[in-house]
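Residue 93 is where the sequence shown starts when you use the numbering used here, and the numbers rise one by one after that.
All C-beta atoms in this analysis are idealised placements derived from N, C-alpha and C, irrespective of residue type, glycine included.
Just so you know, these numbers come straight off a predicted model, no measurement behind them.
Here is the structure we will look at.
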Amino acid sequence: FNEYTARKLGDDMNMFSGIAGNYIFLFVSLFTVGAQIFLVELGGDALQTSPLTLNQWLITIALGAIGLPIGVLMRLIPIKDDPKSFFVQHPFEGVNEIKQQPVEELSSLMKEDHLE
């Protein structure tokens, strides 16, 4: 269920808006559900799983669904956004400005570190 709460960023409360048109997201969701059912029901000794009863599946789904209202509640927590902290706008800025040290300075450092 985390893939649904993480689908929208910021304070957008409706995490399901536009979901019907997002075919890749729907495919990933269906694949995830199918893979989980397959692994639990047929994993057997290799995955150390055993098939669940209908009641156990419902409990598992209910416990997982707790993340949905928690995701909505988390959006109510006010957070001051600083867009500059999200990513580096110019990751290669300053790369060509490598500071050149004089040879004398380097040789004195080598003497201090006993690297000669």
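Task: Span separating the alpha-carbon of Asp-173 from that of Leu-165 - done: Here residue 173 corresponds to residue number 81 of the sequence shown, with the count starting at 1. Here residue 165 corresponds to residue number 73 of the sequence shown, with the count starting at 1. So the alpha carbons of these two residues sit roughly 18 Å apart.
TODO: Identify whether Phe-41 lies in helix, strand or coil by the three-state DSSP scheme.
DONE: The chain is shown from 93 up to 208; residue 41 falls before or after that span and cannot be answered.
Task: Alpha carbon of Ile-151 to alpha carbon of Gly-110, nearest angstrom - done: Walking along the sequence shown from the start, residue 151 turns up at place 59. Walking along the sequence shown from the start, residue 110 turns up at place 18. One C-alpha to the other measures close to 28 Å.
Open item on the list: Less than 7 Å between C-beta atoms, sequence neighbours within five positions excluded: which residues of the same chain meet that for Thr-97?
Closed with: On the sequence shown, position 5 is the one that residue 97 refers to. Excluding positions up to five away in sequence, the list reads Met-107, Gly-159, Leu-160, Gly-163.
TODO: For Asp-173, name the three-state secondary structure that DSSP assigns.
DONE: As a first step, residue 173 is located in the sequence shown; it is residue number 81 there, counting from the start. Residue state, collapsed to three classes: coil.
TODO: Starting from the C-beta of Asp-104, find all residues in its chain whose C-beta is less than 8 Å away, skip the five residues before and the five after it, and write them out in chain order.
DONE: Numbered from 1 along the sequence shown, position 12 holds the residue referred to as residue 104. Correct list, in chain order: Arg-167.
TODO: Please name the residue, chosen from Phe-93, Gly-135, Asp-137, Gly-136, that lies closest to Leu-118 on a Cα-to-Cα basis.
DONE: Taking the first residue of the sequence shown as 1, we reach residue 118 at position 26. The shortest C-alpha separation from Leu-118 is found at Phe-93.
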